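Notes to accompany the following structure.
Dropping the structure here:
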């Protein structure tokens, strides 16, 4: 018996967790990389990290190859329709285990094979996750929101405007700078959002107290003028943030320095005829903007 | 011919070799969670520095070096020695290994060798793990660690000698 076989046969390998650990590592790398090259073409997604498993437990090599495991592109793919094509369901099942949210959809008494189309985007300041789910009823959203509030690490949940029909958009505000992972499984369709402790911080990531700069509007009501701005800056993937006063601002991009933010503002002013609504703002992970 | 890999191929290759990488990390820390953390951190580092990989054919050795360095860093940072697997967590009991006579004495020797790794400094473990558990030859290890082959040989023999003395009570 050779040493190599010995090692392989005698070390118990927690394969599911090993796969998760690798994906988490690659997710962090993408996050670090993205921070270093934040630009107009990229979303300011902070820590989104998504997987598509073809089977729940033993992802095939095919799944790794085709499932676009590396974050950036996959997250962008999700933006044009994560989840299955069908939105037909008659109920929703929501489960919270510690800091993990698990959502399934039910139709004709059984869990659907795929989840409804969804989008996800993360931000560092304030630390939050924007989620949009298609064809969710008000009742289902309320059930979901109630469960999300039970998640460890969540400090607030609020609805945001959606430009798409039949889509419910909302923001989950986290009470510290978390990494998170969005995992989609099929057969049965399961969508899970998991928050990671800061054990995953590395020296190159934003520390919780680090100032993050972004472009923002003044606080507004959730009305047609906010909707008009959402439409106007749609290409910049704006995020809606609830302020301390309860109004909403549009936030675009996240930058490590004020200079980078100002440079981006100048570019937008050229592209959007002055972009008078925007100014540079800043904040930290736990800081709700004024 | 040089052929660099992209991040998707990186993901594919790291998945293909994940168990091997885990075993190497485990050899250093003898703890499941720590080994997972090491592989996770190494995956992050590997992806961040993918452009440093000269050619796809060196992926495994290149990534092994990252795993090794991350393992050593991990032990240093945590300032503690990996626990001796007294309860053999994750491993068959020594007695059980001994009973498996059809596998021959090699199995026992390997088990002893594996357990004796714990007496080595993290850097010293590298030579034993790569040479005897990953079956790399000295030339490959030298390339991987960017050391002269003669240095690798002498350090490997020194580490082996240290283990031998420990195992024979010398």
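Residue numbers (my numbering), protein chains in the order written: chain A, 1 to 290; chain B, 1 to 170. From the three backbone atoms N, C-alpha and C, an ideal C-beta is built for every residue, glycine too. Quick caveat, the model's predicted, so the values are computed rather than measured.
CB contact flag (residue i, residue j, <8 Å)
i             : j             : result
residue 117/A : residue 143/A : no
residue 36/B  : residue 21/A  : yes
residue 216/A : residue 289/A : yes
residue 191/A : residue 103/A : yes
residue 275/A : residue 214/A : no
residue 11/B  : residue 26/A  : yes
residue 189/A : residue 124/A : no
residue 155/B : residue 127/B : yes
residue 28/B  : residue 122/B : yes
residue 163/A : residue 232/A : no
residue 212/A : residue 260/A : no
residue 61/B  : residue 167/B : no
Identity of the residue in the options nearest residue i by Cα
i             : options                    : result
residue 241/A : 121/A, 11/A, 94/A          : 121/A
residue 155/A : 255/A, 287/A, 239/A        : 287/A
residue 138/A : 168/A, 178/A, 115/A, 129/A : 168/A
residue 141/A : 90/A, 259/A, 163/A, 178/A  : 90/A
residue 173/A : 228/A, 110/A, 27/A, 152/A  : 152/A
residue 67/B  : 40/B, 133/B, 121/B         : 40/B
residue 9/B   : 57/B, 72/B, 74/B, 153/B    : 57/B
residue 32/B  : 131/B, 132/B, 19/B         : 19/B
residue 94/A  : 146/A, 113/A, 110/A, 228/A : 146/A
residue 162/B : 124/B, 49/B, 34/B, 26/B    : 124/B
residue 129/A : 283/A, 218/A, 228/A, 171/A : 171/A
residue 32/A  : 34/B, 61/B, 44/B, 30/B     : 44/B
residue 115/B : 13/B, 14/B, 30/B           : 30/B
residue 21/B  : 151/B, 130/B, 167/B        : 130/B
residue 221/A : 270/A, 14/A, 245/A         : 245/A
residue 75/B  : 61/B, 59/B, 144/B, 118/B   : 118/B
Contact belief for residue i with residue j at Cβ below 8 Å, rounded distance in angstroms
i             : j             : result
residue 265/A : residue 280/A : 6 Å
residue 176/A : residue 285/A : 6 Å
residue 161/A : residue 230/A : 6 Å
residue 70/B  : residue 38/B  : 5 Å
residue 47/B  : residue 7/B   : 6 Å
residue 194/A : residue 100/A : 4 Å
residue 23/B  : residue 11/A  : 5 Å
residue 219/A : residue 247/A : 3 Å
residue 133/B : residue 149/B : That belief does not hold up - the Cβ atoms of residue 133/B and residue 149/B are roughly 19 Å apart, past 8 Å.
is_contact[residue i, chain C] using C-beta, thresh 8 Å
i             : result
residue 211/A : As a matter of chain content, chain C is missing from the structure shown, whose protein chains are A and B.
Check: residue i C-beta below 7 Å from any heavy atom of the ligand NAD
i             : result
residue 117/B : No copy of the ligand NAD occurs in the structure displayed, which carries no ligand at all.
Cross-strand partners of residue i (DSSP beta bridge)
i             : result
residue 220/A : 248/A
residue 46/B  : Its beta-bridge partners do not exist; DSSP assigns none.
residue 180/A : 195/A
residue 241/A : 249/A
residue 215/A : 252/A, 280/A
residue 159/A : 170/A
residue 112/A : Looking at the DSSP assignment, residue 112/A forms no beta bridge with any residue, so it has no partner.
residue 288/A : Residue 288/A pairs with nothing; no bridge assigned.
residue 133/A : 118/A, 168/A
residue 257/A : For residue 257/A, which the question treats as bridged, DSSP gives no partner whatsoever.
Query raised in the report: For the region 83-116 of chain A, which residues have a beta carbon sitting closer than 7 Å to at least one beta carbon of chain B?
Result: none
Query raised in the report: When Cβ atoms are compared, which residues of the region 235-256 of chain A fall closer than 9 Å to chain B?
Result: none
**Report entry** Residues from the region 16-28 of chain A in contact with chain B, defined by Cβ distance under 9 Å
**Finding:** 17, 18, 19, 20, 21, 22, 23, 24, 25, 26, 27, 28
**Report entry** Near-chain A residues of the region 127-148 of chain B - C-beta to any C-beta below 8 Å
**Finding:** 132, 133, 134, 135
Query raised in the report: Got a sec: which bits of the region 26-43 of chain B sit with their beta carbon under 8 Å from any beta carbon on chain A, in order along the chain?
Result: 26, 27, 32, 36, 37, 39, 40, 41, 42, 43
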